[in-house]
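Asker: Chains as they are written, first to last, in the working numbering: chain A, 1 to 189; chain B, 1 to 189. C-beta atoms are modelled at their ideal positions from N, C-alpha and C, and glycine is treated no differently.
2 protein chains.
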Amino acid sequence: MKERIRQTSIQLFAEKGFKETSIQDIVNTLQVTKGTFYYYFTSKEQLLMDIHLSYIDSLLEKQKAILEDSEKSYKEKLYEVVYLLIHDIEKEGLSAKVYFREMRNLSEPHLSLIASKRDLFRKQIEEIIQKGMERREFRNDLPVDITALGILGMANWSYFWFDPAGRETDSKVSEIFLKILLEGLAESR
Amino acid sequence: MKERIRQTSIQLFAEKGFKETSIQDIVNTLQVTKGTFYYYFTSKEQLLMDIHLSYIDSLLEKQKAILEDSEKSYKEKLYEVVYLLIHDIEKEGLSAKVYFREMRNLSEPHLSLIASKRDLFRKQIEEIIQKGMERREFRNDLPVDITALGILGMANWSYFWFDPAGRETDSKVSEIFLKILLEGLAESR
């Protein structure tokens, strides 16, 4: 039931917005009582926090596996992280929508916890770039933090445009982005 | 007065959100009557549309000047467009916030008009890439549309993190992004 409440709420929050959705709307859609809701969640915000946590924790876990895979080069790890973001936005479209749009409806200490987890995700991209520079896979004349933000932007922006039914798959888009990021757009002569 | 209403509303919409701000809030802040508001705008949505139009029209106008500048290479035009976006997000922070966050509160035909102007901005980035490919400034083995979306993402995402008081200026960030985009991150051996 907890998972059903979560899934229904993700759908309602994505469609109508967090503020515009009441607990009554959620329990009506599920045809259960408010008591059932409060058995699992103390408030609508706690439910929103739960959705945010599931989303970012799942991303962090997958990112950790990529970081720890000693078989892969840092170029490959970079591909994997870009693919992870674009793929996740595709697979978890509604959750991504709630995650990107409704964070401002969290209050403290929830907000800080989610912000610190988002920071960790970014820091771990920095780690890939830093270590890749040390291994001479990446050039080392660019600031690691701004580079990480550029990569994150490229991948995350796909939330606004990526169409699973479109011409290019998530893995193809990731490949194109990695070509740009690694090799650059300039025609070499 | 029209401009004062616009500026005050941008501030209120950015702070509290469009839905959460009433016309009463706007006129209270300005210490004018509702009649004054309705002399200039027919509704709160028309005002939001006015803010959206000013924002995108000003960007399109600046982008047009870049496109038409025959002195510049396509690499330089690409720099100029990336700088335009990052600089504008810095200078027009509150308008950018309203523009990015509140578009969903527009209804038809407003929504379609803004969407078509956003599309035009993207198409004009595609034009820079396409023509730059034809002039052999850019490699021509990448799809123009996905490349444009990657560039747009990198630049637009700065809305979420760019800090005018931070270490790097808007022009420095644009330079770093252009280095990545043109030359790539890979260490050349």
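#1: Are F162 of chain B and I56 of chain B closer than 8 Å when you measure CB to CB?
#2: Just grab the DSSP bridge partners of F13 of chain A for me.
#3: Mind reading off the beta-carbon distance from I5 of chain B to H52 of chain B? Whole number of angstroms is fine, and I expect it under 8 Å.
#4: What distance in whole Å lies between the Cβ atoms of E137 of chain A and E187 of chain B, which are believed to be in contact at a cut-off of 8 Å?
#5: Going by other Cβ atoms of all chains shown within 10 Å of its Cβ, with 16 needed for buried, is K16 of chain B buried or exposed?
#6: Express the C-alpha separation of R167 of chain A and Q130 of chain B in angstroms, rounding to a whole number.
#7: Distance check for H87 of chain B and L181 of chain A, CA to CA, integer angstroms please.
#8: Determine, using beta carbons only, whether R122 of chain B and L152 of chain B come nearer to each other than 8 Å.
#9: Where DSSP assigns a beta bridge to A186 of chain B, which residues make up the other side?
#10: Of all Cβ atoms in chain B, is any one closer than 8 Å to the Cβ of K44 of chain A?
#11: Which residues in the same chain as L60 of chain B place their Cβ atom closer than 7 Å to its Cβ, once the five residues preceding and following it in sequence are excluded?
#12: So, does the segment 30 to 39 of chain B touch the segment 91 to 102 of chain B, judging by three or more C-beta pairs under 8 Å?
#13: Since A186 of chain B meets chain A, which of its residues come closer than 9 Å, beta carbon to beta carbon?
#14: By the three-class DSSP mapping on this structure, what secondary structure does R118 of chain B have?
#15: Below 8 Å on C-beta distance, what does I176 of chain A contact in chain B?
Answerer: Taking the structure as given:
#1: no
#2: According to DSSP, F13 of chain A bridges with nothing at all.
#3: With a Cβ gap of about 15 Å, I5 of chain B and H52 of chain B do not count as contacting.
#4: 6 Å
#5: exposed
#6: 19 Å
#7: 22 Å
#8: yes
#9: A:F138
#10: no
#11: K117, L120, F121
#12: no
#13: K75, E137, F138, R139, L181, L182, E183, G184
#14: helix
#15: L142, P143, I146, T147, G150
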